[in-house]
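One structure is given below, encoded as structure tokens.
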Amino acid sequence: MRQNLPVTLHEFQFPDDELLMSTTDSQGNITHCNAAFVRVSGFSMEELMGQPHSLVRHPDMPAEAFRDMWATIGHGRSWKGIVKNRRKDGGFYWVHAHVTPIMQGGKPVGYMSVRAKPTREQVQAAEQLYARLAQERAKGQPDMVLHAGHARLLGLRNLFGKMQRANFTLRIAAVVLPLLLMGCLPAVLGWTAAWQVGLQAAAMVLWSALGLGWLHRTLTQPFALTHRFAKQLASCELDRQLPLVPGRHPMALLMEHLHQVHFNLRAIVGDARHEIDSFSHLSRDLSGSARSLSERTELQAERLQQTAAAMTQLAGSVEQSQQTTEEVLQQSGKSAELAERGGQAMQKVEDMVHQLRDSSQQMGQIITTIESIAFQTNILALNAAVEAARAGEQGRGFAVVAGEVRTLAQRSAEAAKEIKRLISGSNDRIHQGAERMQEASATISQAVQSVAQVSQLVQEIVETSREQALGIAQVDRAIGELDAVTQENARMSEVSAHSAGHMSSNAGVLHRTLEVFRMR
Numbered sequence: 010m011r012q013n014l015p016v017t018l019h020e021f022q023f024p025d026d027e028l029l030m031s032t033t034d035s036q037g038n039i040t041h042c043n044a045a046f047v048r049v050s051g052f053s054m055e056e057l058m059g060q061p062h063s064l065v066r067h068p069d070m071p072a073e074a075f076r077d078m079w080a081t082i083g084h085g086r087s088w089k090g091i092v093k094n095r096r097k098d099g100g101f102y103w104v105h106a107h108v109t110p111i112m113q114g115g116k117p118v119g120y121m122s123v124r125a126k127p128t129r130e131q132v133q134a135a136e137q138l139y140a141r142l143a144q145e146r147a148k149g150q151p152d153m154v155l156h157a158g159h160a161r162l163l164g165l166r167n168l169f170g171k172m173q174r175a176n177f178t179l180r181i182a183a184v185v186l187p188l189l190l191m192g193c194l195p196a197v198l199g200w201t202a203a204w205q206v207g208l209q210a211a212a213m214v215l216w217s218a219l220g221l222g223w224l225h226r227t228l229t230q231p232f233a234l235t236h237r238f239a240k241q242l243a244s245c246e247l248d249r250q251l252p253l254v255p256g257r258h259p260m261a262l263l264m265e266h267l268h269q270v271h272f273n274l275r276a277i278v279g280d281a282r283h284e285i286d287s288f289s290h291l292s293r294d295l296s297g298s299a300r301s302l303s304e305r306t307e308l309q310a311e312r313l314q315q316t317a318a319a320m321t322q323l324a325g326s327v328e329q330s331q332q333t334t335e336e337v338l339q340q341s342g343k344s345a346e347l348a349e350r351g352g353q354a355m356q357k358v359e360d361m362v363h364q365l366r367d368s369s370q371q372m373g374q375i376i377t378t379i380e381s382i383a384f385q386t387n388i389l390a391l392n393a394a395v396e397a398a399r400a401g402e403q404g405r406g407f408a409v410v411a412g413e414v415r416t417l418a419q420r421s422a423e424a425a426k427e428i429k430r431l432i433s434g435s436n437d438r439i440h441q442g443a444e445r446m447q448e449a450s451a452t453i454s455q456a457v458q459s460v461a462q463v464s465q466l467v468q469e470i471v472e473t474s475r476e477q478a479l480g481i482a483q484v485d486r487a488i489g490e491l492d493a494v495t496q497e498n499a500r501m502s503e504v505s506a507h508s509a510g511h512m513s514s515n516a517g518v519l520h521r522t523l524e525v526f527r528m529r
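This note's numbering puts the first residue of the sequence shown at 10, with every later residue one more than the last.
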């Protein structure tokens, strides 16, 4: 037998009115279980489905109990008994199990187990019984067995129990046969006296009274109880139990079957109520969520419309910006062209300044030549004056001419010096102008490059603006489609809210329908 370990001494308690239900296939694998069973077992629904039902078996349960259960339900009969189950965490819980075979074609194809919470007296009695069975099994001398969940003594000690479990025929025979024997006593024993006949009659009357009382208690009373319970069951009263009587006679079997029907019906109705309550809560939540979604969807639709309008305005602004940027690009092209022309003009001016500087240098060289000629002329004039003085009176006129030539040479030298000074100042200013022209040319060249870069950036901005315009147009179309979808979602949300409200109403009707079954 499967051993589920570890185990603890912690007992899990569940409500008195809660029923744990599960179904298995013919091999004992779980095919369905209700929420109460899942919660009490400690396992999840996924961990239970498809697993052997022995998953919750506790090691303290004797093998005799499960042997009796499988022997009983295997013959198509119901089994009930007190069972100790193990939880996933190792704890345990006691149940009063009712196992019923699910028949198809006269053969069991599955089993339905409904468990209620037992009383403490039932738990204590089960603990004592299972302890006794374990002791007897250890000794190898059992004096009792389990049959259909009930303990039966072996040997003569079971005689009274067999009488209690006798069927209708045996019970009637047990009453009638002694009466027949009493009726034959006078003929057999030769009784003829009046007192003997009176004794016979008294014995027969007494036996008849006792027999009828016993038959009434064992047959008529169970029939009355069964009839009353059937009327209660027919009137949907599920809050009362049917007391069972021992035996395998038809009335006892009928009472047992009605008791099992009542128990299974309580479990099914209880589960149906629980699921309907959950469904009702879920439908109300769904209805509220659908209404909230509808409101939020309508609000989103309004915002989408506002966004669509804003996107249309933005598209217009982007288009206008694109046109402005294209105009700026054209102006940037013209500015770049003008800057390039200005740079060319500055280059020409710079060339002219260089030519002027070269001319000034040539004029300086010419002035130097003039100064040299004036110096030599002055020397020649001095030589001429010396020669005129030597000539005496004849050289006086030549001396005057020589003096004039010297004076002219001095004035020429002074004029050459002044011209040289002016040319030197002009050269300095020309040199400074040339440097400034170079700086201006470099600045204009940088400006031309900057204008070209700006023109390129403006071109990129134009391309980006075009791409943005295309993207905004696509976004605008997408927002339009999203707005249409949102409007459809709002309509569907209203339909869902209406459907959820209708579902909640139907759940209420179904719940009121099940309220016909009174369970407590």
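Just so you know, even glycine gets a beta-carbon here, dropped at the ideal spot from N, CA and C.
Report task. Starting from Trp79, trace the alpha helix (DSSP H) both ways and give me its first and last residue. Result -> Looking at the DSSP string, the run of the alpha helix (DSSP H) that includes Trp79 is Ala72 to Gly83.
Requested in this report: Tell me, please, whether the segment 375 to 388 touches the segment 420 to 438 by the rule of three or more beta-carbon pairs shorter than 8 Å.
Outcome: Yes: the two stretches touch, three or more of their Cβ pairs being nearer than 8 Å.
Report task. Establish whether the CB of His268 and some CB of chain C are separated by less than 8 Å. Result -> Checking the listed chains, one finds no chain C in this structure; it contains a single protein chain.
Query - Selection from Leu267, Glu476, Met112 and Gln12 that minimises the alpha carbon distance to Arg237 - result: Checking every option, the nearest Cα to that of Arg237 belongs to Leu267.
Query raised in the report: Leu165 to Pro187, Cα distance in whole Å?
Result: Caution is warranted here: a pLDDT of 49 is assigned to Leu165, below 50, making its placement in the model unreliable, and the coordinate value is therefore given only provisionally. Here the alpha carbon of Leu165 sits roughly 22 Å from the alpha carbon of Pro187.
Query raised in the report: Ala125 lies in the beta strand (DSSP E); which residues open and close that run?
Result: Per DSSP, Ala125 belongs to the beta strand (DSSP E) from Lys116 to Ala125.
Report task. Please name the residue, chosen from Asp77, His62, Lys126 and Thr333, that lies closest to Ala157 on a Cα-to-Cα basis. Result -> Looking only at Asp77, His62, Lys126 and Thr333, the smallest Cα-Cα distance to Ala157 is reached by Asp77.
**Report entry** When Gln353, Gln419, Gly119 and Ile488 are compared against Ser454, the one with the closest alpha-carbon
**Finding:** Of Gln353, Gln419, Gly119 and Ile488, the residue nearest in Cα terms is Gln353.
Query raised in the report: Which whole-angstrom value describes the C-beta separation of Ser50 and Val65, a residue pair presumed to lie in contact below a C-beta threshold of 8 Å?
Result: About 5 Å; that satisfies the 8 Å criterion.
Requested in this report: Give the secondary structure of Pro61 by DSSP, where H, G and I count as helix, E and B as strand, and everything else as coil.
Outcome: It is a strand residue.
Requested in this report: Please state whether DSSP places Ser31 in a helix, a strand or coil.
Outcome: Three-state DSSP puts Ser31 in a strand.
Query raised in the report: Does the beta-carbon of Pro336 have 16 or more other beta-carbons within 10 angstroms, so that it is buried, or is it exposed?
Result: It is Glu, not Pro, that sits at residue 336 in the sequence shown. Per the 10 Å Cβ criterion, exposed.
Report task. Pull up the distance between the alpha-carbon of Gly83 and that of Leu219, whole angstroms please. Result -> Inter-residue distance for Gly83 and Leu219 is about 39 Å (C-alpha atoms, whole angstroms).
Query raised in the report: Distance, Cα to Cα, Gln36 vs Trp223?
Result: Whole-angstrom Cα-Cα distance: 44 Å.
Query raised in the report: Quick one: Cα of Gln483 to Cα of Ala310, how far?
Result: Distance between the alpha carbons of Gln483 and Ala310 is about 19 Å.
Query - Neighbourhood of Gly279 by C-beta, 6 Å cutoff - its chain only, sequence neighbours within 5 removed - result: Closer than 6 Å at Cβ, skipping near neighbours: Leu28.
Report task. Starting from the C-beta of Arg350, find all residues in its chain whose C-beta is less than 8 Å away, skip the five residues before and the five after it, and write them out in chain order. Result -> Nothing listed; no residue qualifies.
Requested in this report: Out of Tyr120, Lys126, Gly115 and Trp79, state which residue places its alpha-carbon closest to the alpha-carbon of Phe101.
Outcome: The candidate whose alpha carbon is nearest that of Phe101 is Lys126.
Query raised in the report: Whole-angstrom Cβ separation of Ile111 and Gly119, contact assumed at under 8 Å?
Result: With a contact defined as Cβ atoms closer than 8 Å, Ile111 and Gly119 qualify at about 4 Å.
Query raised in the report: How many angstroms separate the CA atom of Leu168 from the CA atom of Val154?
Result: Only weak support is given to the placement of Leu168: the predicted model assigns it a pLDDT of 49, under 50, and the value that follows is read from those uncertain coordinates. Roughly 15 Å between the two C-alpha positions.
**Report entry** Of the listed residues Ser381, Gly412 and Ala210, nearest to Val395 (C-alpha basis)
**Finding:** Comparing Cα positions, the closest option is Gly412.
Query - Among Gln465, His440, Met501 and Glu145, nearest to Gln370 - alpha-carbon criterion - result: Nearest to Gln370 by C-alpha distance, out of Gln465, His440, Met501 and Glu145, is His440.
Query raised in the report: CA-CA distance, Gln533 and Leu234?
Result: This structure leaves residue 533 out entirely; the chain is present only between 10 and 529.
Report task. Out of Ala451, Gly325, Asn387 and Gly406, point me to the one whose CA is closest to Ala422's CA. Result -> Ala422 has its Cα closest to that of Asn387, out of Ala451, Gly325, Asn387 and Gly406.
Query - Boundaries of the alpha helix (DSSP H) in which Leu138 is found, first to last residue - result: Residues Arg129 to Lys148.
Report task. Work out the CA separation of Ser292 and Ser303 for me, nearest whole Å. Result -> A straight-line Cα-Cα distance of about 16 Å links Ser303 and Ser292.
**Report entry** Environment of Cys9 [buried if 16+ CB atoms lie within 10 Å]
**Finding:** For the chain, the structure presents residues 10 to 529; residue 9 sits outside this window and is missing.
Report task. May I ask you to report which of helix, strand or coil DSSP gives Val16? Result -> Coil.
Report task. State the beta-bridge partners of Pro110 as determined by DSSP. Result -> Answer by DSSP bridge pairing, in chain order: Tyr120.
Requested in this report: Provide the residue span of the alpha helix (DSSP H) that contains Arg11, from first to last.
Outcome: Per DSSP, Arg11 is not a residue of any alpha helix (DSSP H), being assigned neither H nor E.
Query raised in the report: Who does His41 pair with in a DSSP beta bridge?
Result: Bridge partners of His41: Thr32.
Report task. Assuming Pro117 contacts Gly85 (C-beta within less than 8 Å), just tell me the rounded distance between them. Result -> About 6 Å separates the two Cβ atoms, so the contact holds.
Report task. Can you give me the Cβ contacts of Lys89 inside the same chain, cut-off strictly under 6 Å, excluding the 5 residues immediately before and after it? Result -> Result list for Lys89: His107 and Gly158, in chain order.
**Report entry** Environment of Asn498 [buried if 16+ CB atoms lie within 10 Å]
**Finding:** With 16 or more other Cβ atoms within 10 Å, it is buried.
Report task. Give the DSSP-derived three-state secondary structure of Ala160 in the structure shown. Result -> The three-state secondary structure of Ala160, taken from DSSP, is strand.
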